[in-house]
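According to the UniProt record's numbering, the stretch in the sequence shown is residues 1 to 144, in order.
The beta-carbon is built from N, C-alpha and C at its ideal position, and this holds for glycine as well.
Here's the structure, in structure tokens; my notes come after.
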Amino acid sequence: KYINERQLPDKAIDVIDEAGANQRLLPVSRRKKTIGVSDIEMIVSKIARIPQQSVSSSDKDTLKNLDRNLKMLVFGQDQSIGALTSAIRLSRSGLANEDKPIGSFLFAGPTGVGKTEVTKQLGKCMGVEFIRFDMSEYSERHAV
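Structure below.
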């Protein structure tokens, strides 16, 4: 699912090969007899160059509690948080097109209503980096 540049069964074989190679590089005393789910998640995240939490099976728990967690952190934005989390859940459920991003959201409104805070807390809850572009810095012609 996360390795788009290869096809099955090649990408599955590559993951298994990488898991074996990682174990082979370790000293004999630290090698595992069986490779677990977390090891495979780490390898897939390395190959796909995405955060390990995005690949993790515990992502389901994060998505399940995302709405509640955000509403506990940000007050007065229940309707927008509900719309945001349902869009993220739909995208992460596997029903959406895999070639598209998880979401692209535009927050509009007066200052002080919680637009930036919602996005900061969403980044923390999802375990992804929050990157902010302040477009007011680009309002002058020479700034671009």
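Return the first residue and the last residue of the alpha helix (DSSP H) that residue 124 is part of. 115 to 126
Hey, out of 127, 9, 122, whose CA is closest to residue 67's CA? Nearest to residue 67 by alpha-carbon distance, out of 127, 9, 122, is 122.
Quick one: Cα of residue 145 to Cα of residue 133, how far? Residue 145 lies beyond the range of the chain shown here (1 to 144); nothing can be said about it.
Anyone know if the C-beta pair for residue 88 and residue 106 falls short of 9 Å? no
Flag this pair as yes or no: are the beta carbons of residue 14 and residue 47 separated by less than 9 Å? yes
Check whether residue 78 and residue 71 have beta carbons under 9 Å apart: In terms of Cβ geometry, residue 78 and residue 71 form a close pair [threshold 9 Å].
Got a sec, what are the start and stop residues for the alpha helix (DSSP H) residue 38 sits in? 37 to 48
Could you tell me which of 120, 136, 29 sits nearest to residue 130, measuring between CA atoms? 120
Considering residue 18, what are the terminal residues of the alpha helix (DSSP H) in which it resides? 10 to 25
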